[in-house]
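J.: Start counting at 1 in the sequence shown, then tack on 15, and there's your number in the working numbering. Just so you know, even glycine gets a beta-carbon here, dropped at the ideal spot from N, CA and C. Next up is a structure, given as structure tokens.
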Amino acid sequence: MSSGDHDLPGPGRARTSDEASADGTLSDPRFPIHADPDEKVSDPHFPIHADPDETLSDPHFLIHADPDEVMALASRARGGEARLAAAVYRTSAGRHRDLPPAARRQILAVDAARWQAADLGRRLAKVPDEHGAAAPYRVEWATGTSLEGALLWSADLPDHDRLGPAGVWAMAAGGPPGRAVVTVAAFGRDGWTWDLASGSCVGRPVFGDGGVEALESVVLDGRRSLVVSGYSVVGDLVRASVWVMDAGSGQRVGSPFVTEGHVRDPLAVATVAGRPVAISAGSAVRVWDLLAQRPLGTPFEAHGGTSVISIATTTLDGRAVAVTGDYDGLVRVWDPIDGTEAAAPIETSGRPESLLALSLDGRPVVVAGGYDGPVEVRDLREGTLVHELLPEDVAARGGGSLAAAELDGRPIVVALDRDGRVRVLDLATGEPLCAPLPPGRGRPDAIRVAEAGGRPIAVTSGLHSSVVQAWDLAAACAAPATGAPRSLPGDLTALAAGEVNGREVIVTAHHDGPADDPRWGEGYVCVTDLADGTAMAPAIPTGEGRTQLALADLHGDPVAVITCNERFVPRLLRLPEGQELDVTFTTSDHRQDHNGRITALATGRLGDRPVVVTGGRHNQARVWYLDSGAMRTAISGRGDGYTHVTAAAVGSLRGRAVAVTAGHGSGTPEIRVWWLSSGRPVCQPEPGHSGAVNAVAISDLDGAPVAVTAGADQTVRVWDLDSGKLIRDPLIGHTAPVLAVAVTELDGRPAVVTGGADRTVRMWDLDSGRHLRRVDLPGAVSQVAVASGGRLVVAFGDDLAVMSPQRLAAER
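Put into structure tokens, the structure is as follows:
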């Protein structure tokens, strides 16, 4: 990731951290400055004659109009209704912009419910799609846990499933006014460019022979270009290099500059000696003339052999200077041409992996942040501390986490915190100007700022994030478009629909902690009235780690069976208040204990007693009596410590209780069908899924019990429980792993409802295997359930939605 944003302030003002690369101006009185000829290009998508408040209130326009036109109008919304419609549209713009109107209508209706815009949601559902049909489902209500009105757009990396954990390695934002873009690169040759104002994908640059570590945006000869740091072929060798690409065509311009350093050395661009240059620093600082394609000046050691980890550029006493930071916490200021030091070294409080060089009321300052230290502002000449912006325990670790802009005439710093949230801070006072902006999926660790439509836009992404998000900073610091949406306490990890005190409810489990580590963070259980989405009790803390959840009836009382990382046995909570019941789950032999966290739960009955099936490491499973806590049955796995049970269900076969458990790890999936009473296998299921089984449900088909499984191989499969044979070819339609499955009836026929990482819910006829319906959602669908009247209960991302078939909605 690029180690430091470049900031090129003129006297008395702070500029967006990528503004200099956009217009190529770092003033130095020794050399003339030439304005960029594209500077006054207007936005080609800007519909100057439309009334934004009137047009955005039209649901037909939101569904059927060109997305670029809608996004342009959204930035001009002023009235309350129009601003709310703009917030609804922008929430999932990256998701629905390339979908047909029917799918866009469904996503907009869900997002309207998330924003509590009930009237807009109803009007959206009534708009006919491209085929003249009304929406099949009406959204009754939804939560909006991570909504933020300042979100301009978000875009998934198109191939993020293939990229895996790599995420974004480098990002640049900038360009002439009206044509600003953001470009990201994943490790390797993959690149994407989005229009900064609209979020439309406008390019797919290919970055060459090897990994890309840093990107900077610059205008060369009137053309927007990219300066790239990474690996390239030089002669017969792959070398750490810096090269120039034409951003429009994606073609390399000239030959690469060999850095003689490490590919992760920081990179900056500026105008020095009247020429646009790239500055690279590792053990030595090197400057390249980007137009002449040659070195400028002589490489020099900036930090006595200590590696430079960050660079910023500015003017000091009328001359261009480079500001560099090293591993020892030292910041130095240099003339980048002759290598002379322009100010005394500055000792910072941590490792300055991100640097900004700015002007505060005419006073040059440096903002430093990174590892093991706060984000702090220091005088660039004297090194004295001006003030602290973020404390050490809040500040993000790593490079690229700081950017700068000007908002309403005042300089601001935009910083990522340790949780990936965006903080907007007044440079002069250090005070926050708005509440932190949420991180989206994953944890972004890089931020850039550029200007679009005269407003500063912050763009976030990173190694641990599969989404690029653009934030309107002016909107973030203005009054909200609507009241606070309903929220839930963290990632939604499990869901069940049932009945409590005569009311239909949704019981959900949540994890407020690292998404990639289920062991840490707090767990919660929430009980929500299915009819209107109101909480029936405060969120119930469950302890540390990710919570598993299933529902049961114990002595006539509804209970939630839960597990978390603190204990490797089940626990019982009486609903809705969450009082823990005095039932201790024990084994007669400690060798039968789960030797790790429980990864799957399912409840049922064995005879007349309620039981719970638990699954864990080594593909082991256990059966416990809920009324006494005693263990009834222990099922051993295949002894592979890298495998675990991923899904479980309980049903009936030939009048006897049976369980289906599915496991996956370092081999092929292991699906088991076994008797609850003895643990003995019912059959040996034939091979099916080629990847993990994520969910399982049991149903009847023509009087015979069947298991329906959802797989990471994007398929849904149906198995005969008695024989273990696959009944038909797999159900194919999802384009990403299938994460959830439920069984129900549609028009009196058995049906399957599935949800997937492709952000769709799909319905299938269980008898014929025919695909019946698709419902598009804003995020990956992790849980599904079907309530009375065919209502769908869907968990996507951090949120929950309840949707009714339109026919039912009309009757109620």
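For residue 179, name the three-state secondary structure that DSSP assigns.
T.: Caution is warranted here: a pLDDT of 46 is assigned to residue 179, below 50, making its placement in the model unreliable, and the coordinate value is therefore given only provisionally. Looking at residue 179 - three-state DSSP - the assignment turns out to be helix.
J.: Quick check: the Cα distance between residue 145 and residue 703, rounded to an integer number of angstroms?
T.: Going by the C-alpha atoms only, they are around 38 Å apart.
J.: Three-state secondary structure (DSSP) at residue 342?
T.: Looking at residue 342 - three-state DSSP - the assignment turns out to be coil, as it is neither helix nor strand.
J.: In this structure, how does DSSP classify residue 116 when only helix, strand and coil are distinguished?
T.: DSSP places residue 116 in helix when its eight states are reduced to three.
J.: Shortest alpha-carbon distance to residue 431 belongs to which of 462, 442, 441?
T.: Nearest of 462, 442, 441 to residue 431, Cα basis: 462.
J.: DSSP on residue 111, reduced to helix/strand/coil?
T.: Looking at residue 111 - three-state DSSP - the assignment turns out to be helix.
J.: Taking 7 Å as the threshold (C-beta atoms), are residue 739 and residue 698 in contact?
T.: Yes, they are a contact pair.
J.: Identify, in the order they occur along the chain, each residue of the same chain with its Cβ nearer than 8 Å to the Cβ of residue 93, setting aside the five sequence neighbours on each side.
T.: Correct list, in chain order: 67, 68.
J.: Buried or exposed: which applies to residue 454, given that a residue is buried once 16 or more other Cβ atoms fall within 10 Å of its Cβ?
T.: With 16 or more Cβ atoms within 10 Å of its Cβ, residue 454 is classed as buried.
J.: Could you give the residue range of the beta strand (DSSP E) that holds residue 659?
T.: Here the beta strand (DSSP E) through residue 659 covers 659 to 668.
J.: Decide if residue 121 is buried, meaning its Cβ has at least 16 other Cβ atoms within 10 Å, or exposed.
T.: Buried.
J.: Who are the Cβ neighbours of residue 451 in its own chain at under 7 Å, not counting the five residues just before and after it?
T.: Once the five neighbours on either side are set aside, the close Cβ partners of residue 451 are 432, 436, 437, 438.
J.: Could you tell me the distance, in whole angstroms, from the CA atom of residue 556 to the CA atom of residue 540?
T.: In a straight line, the C-alpha of residue 556 is about 7 Å away from that of residue 540.
J.: Near residue 142, which residues of its chain fall below 7 Å by C-beta distance, leaving aside the five closest residues on each side in sequence?
T.: Counting only Cβ-Cβ distances below 7 Å, and skipping sequence neighbours, we find 74, 75, 78, 120.
J.: Note down, in chain order, each residue of its chain lying with its Cβ closer than 7 Å to the Cβ of residue 375, except the 5 sequence neighbours on either side.
T.: Taken in chain order, the residues that qualify are 426, 442, 443.
J.: Are the region 766 to 784 and the region 469 to 481 in contact at 8 Å, needing three or more beta carbon pairs?
T.: Result no; under three Cβ-Cβ pairs closer than 8 Å.
J.: Give a yes or no on whether the C-beta atoms belonging to residue 727 and residue 700 are separated by under 7 Å.
T.: Contact: no.
J.: For the beta strand (DSSP E) containing residue 617, list its first residue and its last residue.
T.: Per DSSP, residue 617 belongs to the beta strand (DSSP E) from 615 to 621.
J.: Taking the alpha-carbon positions, what's the residue 56 to residue 190 distance?
T.: Caution is warranted here: a pLDDT of 31 is assigned to residue 56, below 50, making its placement in the model unreliable, and the coordinate value is therefore given only provisionally. Those two C-alpha atoms are separated by around 11 Å.
J.: On a Cα-Cα basis, can you pick out the residue from 560, 608, 643, 589 that is closest to residue 599?
T.: Out of 560, 608, 643, 589, 643 has the C-alpha closest to the C-alpha of residue 599.
J.: Could you tell me the alpha carbon to alpha carbon distance between residue 175 and residue 109, rounded to whole angstroms?
T.: Any reading at residue 175 needs caution, since the residue's pLDDT is 47, under 50, leaving its predicted position unreliable; the model's value is listed next. Roughly 14 Å separates the two Cα atoms.
J.: Which term fits residue 709, buried or exposed, when burial requires 16 or more other beta carbons within 10 angstroms of its beta carbon?
T.: Buried, by the Cβ-count rule.
J.: Looking only at DSSP bridge pairs, what is residue 452 linked to?
T.: In the DSSP output, where bridge partners are listed per residue, residue 452 has 437.
J.: Taking the alpha carbon of residue 353 as the reference point, which residue from 365, 482, 334, 514 has its own alpha carbon closest?
T.: The residue with the shortest Cα to Cα distance from residue 353 is 334.
J.: So for residue 687, helix, strand or coil by DSSP?
T.: In the structure shown, residue 687 sits in a strand (DSSP, three-state: E or B).
J.: Could you check which residue in 322, 428, 804 has the C-alpha nearest to that of residue 343?
T.: Answer by Cα proximity: 322.
J.: Thinking just about the alpha-carbon of each residue, which of 692, 707, 672 is nearest to the one in residue 686?
T.: Closest option to residue 686, Cα to Cα, is 707.
J.: Considering just the uninterrupted stretch of the beta strand (DSSP E) at residue 678, what are its terminal residues?
T.: Per DSSP, residue 678 belongs to the beta strand (DSSP E) from 671 to 679.
J.: Buried or exposed for residue 679, please, with buried defined as at least 16 other CB atoms from any protein chain shown within 10 angstroms of its CB.
T.: Looking at its Cβ environment, which holds 16 or more other Cβ atoms inside 10 Å, residue 679 is buried.
J.: Buried or exposed: residue 635, going by 16 or more other Cβ atoms within 10 Å of its Cβ?
T.: Its Cβ being crowded by 16 or more others within 10 Å, residue 635 is buried.
J.: Under 8 Å Cβ to Cβ from residue 519, same chain only, skipping five residues before and after it: list those, please.
T.: Cβ within range, chain order: 512, 513, 544, 545, 546, 802, 803.
J.: Find the nearest neighbour of residue 811 within the set 99, 103, 158, 147, judged by alpha-carbon distance.
T.: Among 99, 103, 158, 147, the Cα nearest to that of residue 811 belongs to 158.
J.: Taking the C-alpha atoms as reference points, what is the distance between residue 813 and residue 562?
T.: Looking at the two C-alpha atoms, the distance is approximately 15 Å.
J.: I'd like to check one pair, residue 206 with residue 200: are the Cβ atoms closer than 7 Å?
T.: Yes. Within cutoff.
J.: Going along the chain, which unbroken runs of the beta strand (DSSP E) with 3 or more residues stay wholly within the region 312 to 379?
T.: Correct list: 323 to 331, 334 to 341, 345 to 349, 356 to 362, 366 to 375.
J.: So the alpha helix (DSSP H) residue 76 belongs to, where does it begin and stop?
T.: Its alpha helix (DSSP H) spans residues 74 to 79.
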